[in-house]
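Asks:
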Amino acid sequence: FLSRAGRGGRMPQMRSRIPCLAAFWLMLAALLHCRFPLFTFRWPGPKPQWRVSVHQKCAGRNARSAAHIALAKAARQTEEAAIDPTAYRENRIKQLKETGVEAYPHMWEVNTSLAKLIADYSDLEDGARVDEVEVRIAGRVKSLRSSGAKLKFYDLSEGEDRIQVMCSPQMHEGEDFKEVHANIHRGDIIGVRGVIGKSKRGELSVFPREVKLLSPCLHMLPKDYSGLKDQETRYRK
Numbered sequence: 003f004l005s006r007a008g009r010g011g012r013m014p015q016m017r018s019r020i021p022c023l024a025a026f027w028l029m030l031a032a033l034l035h036c037r038f039p040l041f042t043f044r045w046p047g048p049k050p051q052w053r054v055s056v057h058q059k060c061a062g063r064n065a066r067s068a069a070h071i072a073l074a075k076a077a078r079q080t081e082e083a084a085i086d087p088t089a090y091r092e093n094r095i096k097q098l099k100e101t102g103v104e105a106y107p108h109m110w111e112v113n114t115s116l117a118k119l120i121a122d123y124s125d126l127e128d129g130a131r132v133d134e135v136e137v138r139i140a141g142r143v144k145s146l147r148s149s150g151a152k153l154k155f156y157d158l159s160e161g162e163d164r165i166q167v168m169c170s171p172q173m174h175e176g177e178d179f180k181e182v183h184a185n186i187h188r189g190d191i192i193g194v195r196g197v198i199g200k201s202k203r204g205e206l207s208v209f210p211r212e213v214k215l216l217s218p219c220l221h222m223l224p225k226d227y228s229g230l231k232d233q234e235t236r237y238r239k
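The numbering of the sequence shown is this note's numbering, which starts it at 3 and goes up by one.
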């Protein structure tokens, strides 16, 4: 009777140890899974959906914006490539007439040159601007690009000198920002009035208050990295 009572007394103790043993085996399986990937442990049922971290959200947003910019750039390059070079002049004249743009303004005052700006302000710190000095320059647009719908960039050339023009609607004065820059193409001669400074990446730039089309280019310029591909235009024209 005593021996049976002793065995009966151990049963509650064994039952109380079962949760502890189960927890022990779960911890052991988790440790083995971290130490040795071959020992995999699968939860019964579907895998839980953990919350996405803030960094993953930002990375996804940046990837989507980069994809949109790349698509817009590719679409613009495809559109330019699809234009017939022989019909470029007629299409450009038609566009200027439809928009009512003054293609050849009477006068544009210039108070400095690109070479002097580069010599005088190359030592500025990154992100600095000289707001007290207004510069008025003119040059040919060698390349143009956009960053979203609010930033326009031009590479302006004068002889062998080049400078970046960084346009934003916050500094723009006068006519509508989008309409002004929609009528500017590669090869056009434009006038820029604004301040000199450096971008956050350290590139010497002009931040304009006014951009004006002085003389439109009526022929499609060859690109610097690809040259003139059309054989007919190259050898006969």
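For each residue, glycine too, the CB sits at the ideal point set by N, CA and C.
Since the model is a prediction, treat every value here as computed from it, not as a measurement.
1. For Lys200, count neighbouring Cβ atoms within 10 angstroms of its own Cβ and tell me buried if that reaches 16, exposed if not.
2. Give the DSSP-derived three-state secondary structure of Lys152 in the structure shown.
3. Would Thr114 pass as a contact of Ile139 if the rule is Cβ separation under 8 Å?
4. Look up Pro21 in the DSSP assignment and say whether it is helix, strand or coil.
5. Going by the CB atoms, is the gap between Leu223 and Arg91 shorter than 8 Å?
6. Taking the DSSP output, what are the residues bridged to Phe26?
7. With a CB to CB cut of under 8 Å and the five nearest residues on each side skipped, what residues in its chain are close to Asp128?
8. How big is the Cα-Cα spacing for Ala105 and Val112?
9. So Val137 and Val208 are in contact, right, with Cβ under 8 Å, and what is the actual spacing, rounded?
10. Would you give the residue range spanned by the alpha helix (DSSP H) that Lys118 belongs to?
11. DSSP on Glu100, reduced to helix/strand/coil?
12. Take Leu119 and list the residues in its own chain whose beta-carbon comes closer than 8 Å to its own, dropping the five residues that flank it on each side.
13. With the cut-off set at 8 Å, would you say Val103 and Leu215 are in Cβ contact?
14. When you compare the CB positions of Val194 and Val213, do they come within less than 8 Å of one another, or not?
Replies: Result, derived from the coordinates:
1. buried
2. coil
3. yes
4. helix
5. no
6. The partner list for Phe26 (beta bridge, DSSP) is empty, contrary to what the question assumes.
7. Lys200, Ser201, Lys202, Arg203 and Gly204
8. 18 Å
9. 6 Å
10. Leu116 to Tyr123
11. helix
12. Val137, Ile139, Ile165, Ile198, Leu206 and Val208
13. yes
14. yes
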